[in-house]
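Q: Next up is a structure, given as structure tokens.
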Amino acid sequence: MPQVAVPPPYRGPTAGLETIEVEGSTVEACLKAVGERFPGFGEQIFDAQGRVHRFVNLFVNGEEIDRKDLGHAVAAGDRVEILAAIAGG
Amino acid sequence: MSGPTGDRMIRVDMTHQTAEIVDFPDEWKLLGGRALSAKILLKECDPSCDPLGPDNVLVMAPGVVSGTAAPTSGRISIGGKSPLTGGIKEANAGGEPGQHLMRLGYRAIIVKGQPRDPDKRYALNVTADGAEVVEADQYKGHWNYALIDELSKVYTKAASFISIGPAGEQRLTGASVACTDQEKDRHPARHAARGGLGAVMGAKGLKYVAIEPGKARLREPAERKLFMALCKEYTKAYRAGPQMFKTGTSSVVPVANMLNTFPYKNRTEGQSPDVATLDGARIIESFEERGGGMHNCMTGCIVQCSNVVHDKDGNYKTSALEFETLTLLGSNCAIQSWEDVADLDRLCDEIGLDTIETGAAIAILMDSGGMEWGDAEGAKKLMNEIPEGTELGQAIGNGAVAIGKRQKHARVPVVKGQAVPAWDPRPLKATGLTYLTSPMGADHTAGLIVNPGMPEEDWVQASQEVQLVNAACDSSGFCQFLQVSLDDIRKFYGLLYGEEISREQVADMGWQCLQDEWEFNKRAGFTAADDVMPKCLEEDEIGPAKVKWDVDPALTAKMYTRFAPREELFTMKASG
Chain A
31 MPQVAVPPPY
41 RGPTAGLETI
51 EVEGSTVEAC
61 LKAVGERFPG
71 FGEQIFDAQG
81 RVHRFVNLFV
91 NGEEIDRKDL
101 GHAVAAGDRV
111 EILAAIAGG
Chain B
-16 MSGPTGDRMI
-6 RVDMTHQTAE
4 IVDFPDEWKL
14 LGGRALSAKI
24 LLKECDPSCD
34 PLGPDNVLVM
44 APGVVSGTAA
54 PTSGRISIGG
64 KSPLTGGIKE
74 ANAGGEPGQH
84 LMRLGYRAII
94 VKGQPRDPDK
104 RYALNVTADG
114 AEVVEADQYK
124 GHWNYALIDE
134 LSKVYTKAAS
144 FISIGPAGEQ
154 RLTGASVACT
164 DQEKDRHPAR
174 HAARGGLGAV
184 MGAKGLKYVA
194 IEPGKARLRE
204 PAERKLFMAL
214 CKEYTKAYRA
224 GPQMFKTGTS
234 SVVPVANMLN
244 TFPYKNRTEG
254 QSPDVATLDG
264 ARIIESFEER
274 GGGMHNCMTG
284 CIVQCSNVVH
294 DKDGNYKTSA
304 LEFETLTLLG
314 SNCAIQSWED
324 VADLDRLCDE
334 IGLDTIETGA
344 AIAILMDSGG
354 MEWGDAEGAK
364 KLMNEIPEGT
374 ELGQAIGNGA
384 VAIGKRQKHA
394 RVPVVKGQAV
404 PAWDPRPLKA
414 TGLTYLTSPM
424 GADHTAGLIV
434 NPGMPEEDWV
444 QASQEVQLVN
454 AACDSSGFCQ
464 FLQVSLDDIR
474 KFYGLLYGEE
484 ISREQVADMG
494 WQCLQDEWEF
504 NKRAGFTAAD
514 DVMPKCLEED
524 EIGPAKVKWD
534 VDPALTAKMY
544 TRFAPREELF
554 TMKASG
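First to last, the sequence lines map onto chains A and B.
The working numbering puts the first residue of the first sequence at 31, with every later residue one more than the last.
The working numbering puts the first residue of the second sequence at -16, with every later residue one more than the last.
What follows is the structure, given as structure tokens:
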């Protein structure tokens, strides 16, 4: 199954869990699967129109993807990573 | 080969207005910035002294790798006993002075004494040949930008400056120390802001320090080829990565709001209805029509997190309009527009004030009914009262505790007398532990942890580790936004001096810095009873989860016993 790596600032809804295995064949499906399991997570990623927030950066296996490319395919063992700049300042 | 040798310090006696160049002790070569300042203060400053009296010691110390080709490494620490907290203080700034001092081989400026006539003003001129105290009465009362304009007519185009505005001259406990950036106009926009060290500089009669770098070159590492290769490799890796700060900290506003740590109306709420108009994205959008843009505040910086902000007519307004300022002078005061916050930021930089402390103070005035919420024009008028010396202006310039006392107001969010930053301890409990136990008081740059889901059993160790790493970073000269690790610092130090430096040595240096600072505070009279949150944060709930500060006090005592180092300590990034 693919994994979703949750950055520290977003671990409130996941009760501190860093890596979550989910069913999903696209980035969007994986992120929504986490959101279904952990209420509150989805709102941290998606705005009211279902778009990824501007301040969220998405990576698949270490390569950054366009946050509009939610249909990006993922396979078993792939790692979807969320990054956010949190500091300041 | 041994790396840089023959380093010196400048000892300044402001009672007699003399400056002396002395050798820098070789055994201190791996000490710089914050750790060096702590060492000097513990050795030479009586912790029970009056912070605004002659016995306080003001230290200006660049970092260990400042002045070299290492990327983003020119930070400078300003240190002393804080008139705001009554404890040790280190405030860190960017700009050019750190780079220039180290290229000239000056590891620290140590200022003692006090002129007999409190109305006199002096300056310190620093060159490759030495240092001299000169009279500077003609600049008395100058606001920082006007001061730099005048000094630009007297000094070379290459000179950099460290200065205070009227707030420091009036010895107000919210006063900052300004450093000029590397722009042609040399904006005094990089502030060592927290803890009132501008007042200490003012109490010593020192209006400014001018550093003429002359023909001084980059510092020569012992292993030059390897050092340069490391710089190149580090820069390449950084640029290939996400470069999280390329749009500046102001872009953090919506995330902080989402996490209920965008304080509104004196921290009575954790989210602001004005998040869209205070979002740093609006600043970025303004660049297209008005000019300005992102830039680096010091030569050699690869992060470029600083913004240059223009007004509607395309003229320069301010620089380094940061997340904390947008929060404390914006949301916390219910001021809606980033443009008004930009005006207030400029006023703080001119008068020489900490934007966090000033924003907290204005919000307390509003909360106590002394001013309308969101009155941006009123806030600007109030700021102008500070250099005029009105009683209300002085109270604001003295910060949150002072205005709270004046207004007899109970909601005064401070720790050890210093205003709590934007990052709220109620949803960010581990950060709250940093605020309670850091020698600096409530200071997010001492060790920020943004991990709302972190289990309670991890909080103390996480806070201790980030405090240690940040202390090491603030001693190195590297900017926290480069996000160096202890392993990174170790590599650069090792090649700078041609020595094998162990992981434990670097970690020990960070821990020793904290120990020196805690010891200073102990001698200044601090006890465990001072490691407390203000009542308002223990009682006021925020956010949908209705969180308040309810952490077991027993946890704070555990901070002072060192945890056994684990792998994460050496690889985690500085965070502030």
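Each residue gets a CB set at the ideal place from its N, CA and C atoms; glycine is no exception.
Since the model is a prediction, treat every value here as computed from it, not as a measurement.
Can you list, in chain order, the residues of its chain with a C-beta nearer than 8 Å to that of TYR564(B)? Leave out the 5 residues immediately preceding and following it.
A: A query on residue 564(B) cannot be resolved here, the shown segment of chain B reaching from -16 to 559 and no further.
Q: Do you know how far the Cα of LYS103(B) is from the Cα of GLN153(B)?
A: Numbered from 1 along the second sequence, position 170 holds the residue referred to as residue 153(B). Numbered from 1 along the second sequence, position 120 holds the residue referred to as residue 103(B). Looking at the two C-alpha atoms, the distance is approximately 12 Å.
Q: Counting only beta-carbon atoms, is MET241(B) nearer than 8 Å to chain A?
A: Along the second sequence, read from residue 1 onward, the residue named residue 241(B) stands at position 258. Answer yes: the Cβ-Cβ gap between MET241(B) and chain A drops below 8 Å somewhere.
Q: What residue from GLY415(B), LYS215(B), SER468(B) and ILE267(B) has the CA that sits closest to TRP321(B)'s CA?
A: Walking along the second sequence from the start, residue 321(B) turns up at place 338. Checked all of GLY415(B), LYS215(B), SER468(B) and ILE267(B); the closest Cα to TRP321(B) is ILE267(B).
Q: Indicate the three-state DSSP secondary structure (helix, strand or coil) for CYS162(B) in the structure shown.
A: Walking along the second sequence from the start, residue 162(B) turns up at place 179. In this structure, CYS162(B) counts as strand in the three-state DSSP scheme.
Q: For ASP9(B) and GLY460(B), what's the separation of their Cα atoms in angstroms?
A: Residue mapping note: residue 9(B) aligns to position 26 of the second sequence, counting from 1. Residue mapping note: residue 460(B) aligns to position 477 of the second sequence, counting from 1. The straight-line gap from Cα to Cα measures roughly 18 Å.
Q: Which first and last residues belong to the alpha helix (DSSP H) in which ALA343(B) is found?
A: Here residue 343(B) refers to the residue found at position 360 when the second sequence is read from its first residue. Where ALA343(B) is concerned, the enclosing alpha helix (DSSP H) stretches over 338 to 350.
Q: Which residues in chain B have a C-beta closer than 8 Å to the C-beta of PRO39(A)? List them in chain order.
A: Against the first sequence, residue 39(A) aligns to sequence position 9. Here the neighbours are VAL238, LEU242, VAL433, ASN434 and PRO435.
Q: Looking only at its chain, what residues have a beta carbon closer than 6 Å to the beta carbon of ALA589(B), apart from the 5 residues adjacent to it on each side?
A: Any answer about residue 589(B) is impossible in this case: the structure gives chain B only from -16 up to 559.
Q: Take MET241(B) and list the residues in its own chain whose beta-carbon comes closer than 7 Å to its own, dropping the five residues that flank it on each side.
A: As a position in the second sequence, residue 241(B) is number 258, starting the count at 1. If we look at MET241(B) and ignore the five residues flanking it on each side, it has no Cβ neighbours.
Q: Are at least three pairs of beta-carbons, each pair with one atom in the stretch 26 to 41 of chain B and one in the stretch 60 to 74 of chain B, less than 8 Å apart?
A: Enough Cβ pairs lie closer than 8 Å, so yes.
Q: In whole angstroms, give me the CA-to-CA distance for ALA114(B) and VAL47(B).
A: Sequence index remark: in the second sequence, residue 114(B) carries index 131 (1-based). Sequence index remark: in the second sequence, residue 47(B) carries index 64 (1-based). Rounded to whole angstroms, ALA114(B) to VAL47(B) spans 21 Å at the Cα level.
Q: Does any C-beta atom of chain A lie closer than 8 Å to the C-beta of ALA74(B)?
A: By 1-based counting over the second sequence, the position of residue 74(B) is 91. No, because no Cβ of chain A sits closer than 8 Å to the Cβ of ALA74(B).
Q: Residues of chain B with CB under 9 Å from GLY92(A), in chain order?
A: Along the first sequence, one-based indexing puts residue 92(A) at 62. Near GLY92(A) there are no residues of chain B at all, since even the closest Cβ is about 10 Å away, more than 9 Å.
Q: Between which two residues does the alpha helix (DSSP H) harbouring MET492(B) extend?
A: As a position in the second sequence, residue 492(B) is number 509, starting the count at 1. MET492(B) -> alpha helix (DSSP H) spans 486 to 506.
Q: Suppose contacts are defined by Cβ-Cβ distances below 8 Å. Is ASN298(B) in contact with SER289(B) by that definition?
A: Here residue 298(B) refers to the residue found at position 315 when the second sequence is read from its first residue. Here residue 289(B) refers to the residue found at position 306 when the second sequence is read from its first residue. No; because the gap between Cβ atoms is not below 8 Å, this pair is not in contact.
Q: I want to check one thing, is the minimum distance from the CB of ALA129(B) to the heavy atoms of the ligand PLP below 7 Å?
A: As far as ligands go, the structure on display features none, and thus does not contain the ligand PLP.
Q: Which residues in chain B have a C-beta closer than 8 Å to the C-beta of GLN74(A)? List them in chain order.
A: In the first sequence, the residue the question calls residue 74(A) occupies position 44. Residues of chain B passing the Cβ test: MET241.
Q: May I ask you to report which of helix, strand or coil DSSP gives GLU551(B)?
A: For the purposes of this step, residue 551(B) is taken as residue 568 along the second sequence, with counting starting at 1. Three-state DSSP puts GLU551(B) in a helix.
Q: Would you mind stating whether GLY70(A) and GLY42(A) have Cβ atoms separated by less than 8 Å?
A: The count along the first sequence starts at 1 and reaches residue 70(A) at position 40. The count along the first sequence starts at 1 and reaches residue 42(A) at position 12. Yes; because the gap between Cβ atoms is below 8 Å, this pair is in contact.
Q: If you reduce the DSSP assignment to three classes, tell me which class ALA212(B) lands in.
A: If you number the second sequence from 1, residue 212(B) lands on position 229. Three-state DSSP puts ALA212(B) in a helix.
Q: Which whole runs of the alpha helix (DSSP H) in the stretch 403 to 451 of chain B are 4 residues long or more, in chain order?
A: Qualifying alpha helix (DSSP H) stretches, in chain order: 412 to 420.
Q: Taking its Cβ as the centre, do 16 or more other Cβ atoms sit within 10 Å of GLU550(B), making it buried, or is it exposed?
A: In the second sequence, residue 550(B) corresponds to position 567, counting from 1. The residue in question, GLU550(B), is exposed, as its Cβ has fewer than 16 Cβ neighbours within 10 Å.
Q: Can the beta-carbon of VAL110(A) be found closer than 8 Å to that of VAL90(A)?
A: For the purposes of this step, residue 110(A) is identified with residue 80 of the first sequence, where counting begins at 1. For the purposes of this step, residue 90(A) is identified with residue 60 of the first sequence, where counting begins at 1. Yes. Within cutoff.
Q: For a test of the three-state rule: what should DSSP assign to PRO80(B), helix, strand or coil?
A: Walking along the second sequence from the start, residue 80(B) turns up at place 97. Correct three-state label for PRO80(B): helix.
Q: Specify, as a first and last residue, the run of the alpha helix (DSSP H) that PRO149(B) falls within.
A: For the purposes of this step, residue 149(B) is identified with residue 166 of the second sequence, where counting begins at 1. First-last of the alpha helix (DSSP H) with PRO149(B): 149 to 152.
Q: Taking 8 Å as the threshold (C-beta atoms), are GLY526(B) and GLY46(A) in contact?
A: By one-based count along the first sequence, residue 46(A) stands at place 16. By one-based count along the second sequence, residue 526(B) stands at place 543. Result no, Cβ atoms of GLY46(A) and GLY526(B) do not sit closer than 8 Å.
Q: Measure the alpha-carbon distance for GLY88(B) versus ALA402(B) and round it to whole angstroms.
A: The count along the second sequence starts at 1 and reaches residue 88(B) at position 105. The count along the second sequence starts at 1 and reaches residue 402(B) at position 419. The straight-line gap from Cα to Cα measures roughly 36 Å.
Q: Under a CB-based cut-off of 8 Å, is ALA111(B) close to chain A?
A: In the second sequence, counting from the first residue as 1, residue 111(B) sits at position 128. Closer than 8 Å: no.
Q: Run the CB neighbour count on VAL34(A), radius 10 Å, all protein chains shown included, and call it buried at 16 or more, exposed below.
A: Looking up residue 34(A) in the first sequence gives position 4. Flag for VAL34(A) reads buried.
Q: Over the uninterrupted alpha helix (DSSP H) stretch that includes GLY9(A), give me the two end residues.
A: The shown model of chain A, from 31 to 119, leaves out residue 9(A), and the question about it has no answer.
Q: In whole angstroms, give me the CA-to-CA distance for THR49(A) and VAL36(A).
A: The sequence position of residue 49(A) within the first sequence is 19, counting from 1. The sequence position of residue 36(A) within the first sequence is 6, counting from 1. In a straight line, the C-alpha of THR49(A) is about 6 Å away from that of VAL36(A).
Q: By the 10 Å Cβ neighbour count, where 16 or more other Cβ atoms means buried, how is GLN121(B) classified, buried or exposed?
A: Position 138 of the second sequence, counted from the start, is the residue given in the question as residue 121(B). Exposed.
Q: Would THR49(A) count as contacting chain B if we go by Cβ distances under 8 Å?
A: Here residue 49(A) corresponds to residue number 19 of the first sequence, with the count starting at 1. So, not an interface residue.
Q: Closer than 8 Å, CB to CB, is ALA45(A) near chain B or not?
A: Position 15 of the first sequence, counted from the first residue, corresponds to residue 45(A). Judged by the 8 Å Cβ criterion, ALA45(A) is in contact with chain B.
Q: Is the CB of GLY42(A) under 8 Å away from at least one CB in chain B?
A: In the first sequence, residue 42(A) corresponds to position 12, counting from 1. Closer than 8 Å: yes.
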